[in-house]
Amino acid sequence: MPFIPSEHIQTILKNLPFKPGVYLMKDERGTIIYVGKAKKLRNRVRSYFNSSAEDNPKTLRLRENIRDIDFIVEENEIKALILEETLIKRHRPHYNIALKDDKKYPYIKINWNEPFPKVETTRRLANDGSRYFGPYVAMWAVQNTLQSLRKVFPYLTCDRIITGNDPRPCLFYDIKLCNAPCIGAVNNEQYRAMIAELMDVLGGKSEGVVARLQSEMNAAAENLNFERAAALRDQLRAIEYITRQHKAVSSDFIDQDVIALARDKDETVVQILFVRNGKLIGSDSRSLEATEGETDAEVLGEFIKRFYSASAEVPAEVVLPQNIEEARIIQSWLRNRRNGERVTISVPKKGDKRQMINLAEENAKETLHMLRAQWEADSHKHETAIKELQTALDLPTPPVRIECYDISTTQGTAIVASRVVFVQGAPKKDEYRRFNIRTVSHGGSDDYQSMREALTRRFARWKEAQDNPLPRLVGKEDKDETWRLLPDLLMVDGGKGQLGVAVEVLREFELTDKLPVVSLAKQFEEIYRPHNPIPVILPRRSDALFLVQRVRDEAHRYAITSHRARRAKIGMVSQLESIPGVGPTKRKALLKAFGNSIDAIRGASVDQLAAVPGINRKLAENIKEAL
Numbered sequence: 005m006p007f008i009p010s011e012h013i014q015t016i017l018k019n020l021p022f023k024p025g026v027y028l029m030k031d032e033r034g035t036i037i038y039v040g041k042a043k044k045l046r047n048r049v050r051s052y053f054n055s056s057a058e059d060n061p062k063t064l065r066l067r068e069n070i071r072d073i074d075f076i077v078e079e080n081e082i083k084a085l086i087l088e089e090t091l092i093k094r095h096r097p098h099y100n101i102a103l104k105d106d107k108k109y110p111y112i113k114i115n116w117n118e119p120f121p122k123v124e125t126t127r128r129l130a131n132d133g134s135r136y137f138g139p140y141v142a143m144w145a146v147q148n149t150l151q152s153l154r155k156v157f158p159y160l161t162c163d164r165i166i167t168g169n170d171p172r173p174c175l176f177y178d179i180k181l182c183n184a185p186c187i188g189a190v191n192n193e194q195y196r197a198m199i200a201e202l203m204d205v206l207g208g209k210s211e212g213v214v215a216r217l218q219s220e221m222n223a224a225a226e227n228l229n230f231e232r233a234a235a236l237r238d239q240l241r242a243i244e245y246i247t248r249q250h251k252a253v254s255s256d257f258i259d260q261d262v263i264a265l266a267r268d269k270d271e272t273v274v275q276i277l278f279v280r281n282g283k284l285i286g287s288d289s290r291s292l293e294a295t296e297g298e299t300d301a302e303v304l305g306e307f308i309k310r311f312y313s314a315s316a317e318v319p320a321e322v323v324l325p326q327n328i329e330e331a332r333i334i335q336s337w338l339r340n341r342r343n344g345e346r347v348t349i350s351v352p353k354k355g356d357k358r359q360m361i362n363l364a365e366e367n368a369k370e371t372l373h374m375l376r377a378q379w380e381a382d383s384h385k386h387e388t389a390i391k392e393l394q395t396a397l398d399l400p401t402p403p404v405r406i407e408c409y410d411i412s413t414t415q416g417t418a419i420v421a422s423r424v425v426f427v428q429g430a431p432k433k434d435e436y437r438r439f440n441i442r443t444v445s446h447g448g449s450d451d452y453q454s455m456r457e458a459l460t461r462r463f464a465r466w467k468e469a470q471d472n473p474l475p476r477l478v479g480k481e482d483k484d485e486t487w488r489l490l491p492d493l494l495m496v497d498g499g500k501g502q503l504g505v506a507v508e509v510l511r512e513f514e515l516t517d518k519l520p521v522v523s524l525a526k527q528f529e530e531i532y533r534p535h536n537p538i539p540v541i542l543p544r545r546s547d548a549l550f551l552v553q554r555v556r557d558e559a560h561r562y563a564i565t566s567h568r569a570r571r572a573k574i575g576m577v578s579q580l581e582s583i584p585g586v587g588p589t590k591r592k593a594l595l596k597a598f599g600n601s602i603d604a605i606r607g608a609s610v611d612q613l614a615a616v617p618g619i620n621r622k623l624a625e626n627i628k629e630a631l
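In the working numbering, the protein residues as written are 5 to 631.
So, in structure tokens, the structure goes:
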């Protein structure tokens, strides 16, 4: 059955204005769980409750928890976007796409407005007349760069007021890391010329500096001043080290951020390549939360808003692998962030920029693979997670083997339950199973009854295995002998209702005292136990929480995948069933001949259809006409 919102929500939907603005969705506690913006509030908010939202699992979960909707009308989309970002930062809604960390990148800052400019590090850019260079991925990279620079350009690091009349310099002058303007060893003009060259090197324009140093080195060698020549040689090596870190990648000598993403199930990694003055100066990857059910274009658009709302710098160009929604609006917003200077969002199809996109995508995939493998391979974390979970849930034994069940359906059709198995904290995919639900009619959706059927069938298999100690042979050893194993922990996705169903099924099979069971609520990751109204809330960054989230998310993913496959098959069968003369045998033959693809059957010629066993030419013509 179609989702029917409450009367309160229906009243709100009827009275929404056709104006730009921001909407705030709240749960039963009044907590803001989602913030969005819209060109027309009425159209956008109502879309969450239309049939088009049925295929998006994230939207389905969101609207189940919506109890109230507020909205704020704005003059235009730009102001709505700015307000949206402000509210997301303030409230951090559960269902909004979010960066997993809020790190700010370090920069090198040169206070050019000062008579004797200082060279400093900072994570905050200000419109103060200073020159900023970066971003750098980590502070250690900044320190390495400055360490090399200072060998060539011995700049000030002290807080002295420079008059040129100090009686003696500090230690840095003796070790050649400061040219001592404090004692007048260099004047203001000479010092600023040195800092100007330093800025050229940081800006990727080191050719002039290198030419000068090479000329001076050659001259020193010719004059037999080998100590001076050696010092200049070391300076050239230091500049070479800095420039080697900055690879030329573009003939467009403008500042660019190249962005691409990689996704695997519910995990998303975005890779950013920082190109400044045509040279790649660094890269970084960011993990995202709450991306399930979103398209790549939607994820990219939301990432840009999250990333640049917190970024100290906006480049002149943002290079993307594909077009995003609201590109024009986001471009205008970025221009505002850049103090009115133009910002371009480009989607290259070929050339240097396309190659950079390919590089970013490759790096994103590698990072995603590494992050997943890192956790799965870290046996220590697995052990810690299992011990933490045992303690938190007061389990008699460590939950080495965990089974989790979830239900997926669309308006009561093609209902599928999933079972996933985790052993020692890692997924055991060969033991995943799905249950096509039979006891719930296609006219409506009953998650409780569906869960009851799935668990009953699972433990009926267990009981059958107990009554038959020898493995069943069906041509070969039965692959489902794992039904004999009981988990150390049974998890069901959902709240108290699903937990109650699981308890009843366990009671029927006399497993209540043998098998611990919990349910994991979708919204706030609350774990419910039988006969205990107070949920267990695991620490936000605990290994135990990460484990149960992975188990739950994997069950959800597998259920959705199985459901979509079943729904597609049902769709194919129903289309063929409607053709006179195509019964179960011929339908099976057609699907087998064309790889279970209705599109392949539809695209086949009459001759190809007639070649299928049992299909004569007349029937082939009827099939062709019907499809």
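The C-beta atom is built at its ideal place from N, Cα and C for all residues, glycine as well.
With a threshold of 7 angstroms, establish whether the CB of residue i neighbours any heavy atom of the ligand NAP.
| i | result |
| --- | --- |
| L20 | No copy of the ligand NAP appears in this structure; indeed no ligand is present at all. |
Run the CB neighbour count on residue i, radius 10 Å, all protein chains shown included, and call it buried at 16 or more, exposed below.
| i | result |
| --- | --- |
| E88 | buried |
| C162 | exposed |
| A608 | buried |
| R554 | buried |
| K596 | exposed |
| S210 | buried |
| S350 | exposed |
| K518 | exposed |
| I309 | Inspection of the sequence shows that residue 309 is occupied by Lys rather than by Ile. Counting Cβ neighbours within 10 Å, K309 comes out buried, since at least 16 surround it. |
| G265 | Before going further, note that residue 265 is Leu rather than Gly in the sequence given. Its Cβ being crowded by 16 or more others within 10 Å, L265 is buried. |
| N69 | buried |
| I178 | It is Asp, not Ile, that sits at residue 178 in the sequence shown. By the 10 Å Cβ count, D178 comes out exposed. |
Do you know how far the Cα of residue j is from the Cα of residue i?
| i | j | result |
| --- | --- | --- |
| A563 | V420 | 6 angstroms |
| K483 | L304 | Its pLDDT being 48, under 50, K483 is placed unreliably in this model, and the coordinates cannot settle the point. |
| H373 | G585 | 50 angstroms |
| V26 | W487 | 51 angstroms |
| A430 | I390 | 11 angstroms |
| P475 | R438 | Confidence at P475 is low in this model, with a pLDDT of 48, below 50, so its placement is unreliable and the value that follows should be read with caution. In a straight line, the C-alpha of P475 is about 21 angstroms away from that of R438. |
| P491 | A614 | 51 angstroms |
| E514 | A624 | 56 angstroms |
| V123 | I114 | 5 angstroms |
| R267 | D132 | 40 angstroms |
| L363 | I165 | 48 angstroms |
| I441 | P617 | 32 angstroms |
| P21 | R46 | 5 angstroms |
| D451 | Q502 | 8 angstroms |
| E468 | T63 | 40 angstroms |
| V404 | F426 | 8 angstroms |
| E329 | K43 | 12 angstroms |
| P352 | D261 | 13 angstroms |
| P121 | R561 | 56 angstroms |
| I334 | R461 | 51 angstroms |
| Q14 | D72 | 10 angstroms |
| E321 | V347 | 5 angstroms |
| K433 | R332 | 44 angstroms |
Secondary structure at residue i, three-state DSSP: helix, strand or coil?
| i | result |
| --- | --- |
| T401 | coil |
| P534 | coil |
| D547 | helix |
| T272 | strand |
| T161 | coil |
| F22 | coil |
| L175 | helix |
| R94 | helix |
| I36 | strand |
| A559 | helix |
| V616 | coil |
| N367 | helix |
Could you give the residue range of the alpha helix (DSSP H) that holds residue i?
| i | result |
| --- | --- |
| D434 | It is not in any alpha helix (DSSP H) - D434 carries neither H nor E in the DSSP assignment. |
| T125 | Careful: T125 lies outside any alpha helix (DSSP H), inside the beta strand (DSSP E) at 123 to 126. |
| E468 | 451 to 471 |
Under 8 angstroms, Cβ to Cβ, is there at least one residue of chain C near residue i?
| i | result |
| --- | --- |
| R94 | Absent from the structure: chain C. Only one protein chain is present. |
If contacts are defined as beta-carbon pairs under 8 angstroms, then residue i and residue j qualify, I think. What distance do you get, rounded to the angstrom?
| i | j | result |
| --- | --- | --- |
| A224 | R216 | Their Cβ separation, rounded to whole angstroms, is 13 angstroms, which puts A224 and R216 out of contact at 8 angstroms. |
| L3 | Y136 | In this structure the chain extends from 5 to 631, so residue 3 is not present and cannot be described. |
| A84 | K41 | 4 angstroms |
In the DSSP assignment, the beta strand (DSSP E) including residue i goes from what residue to what residue?
| i | result |
| --- | --- |
| I285 | 283 to 293 |
| L524 | 521 to 524 |
| F75 | 72 to 77 |
| T348 | 348 to 350 |
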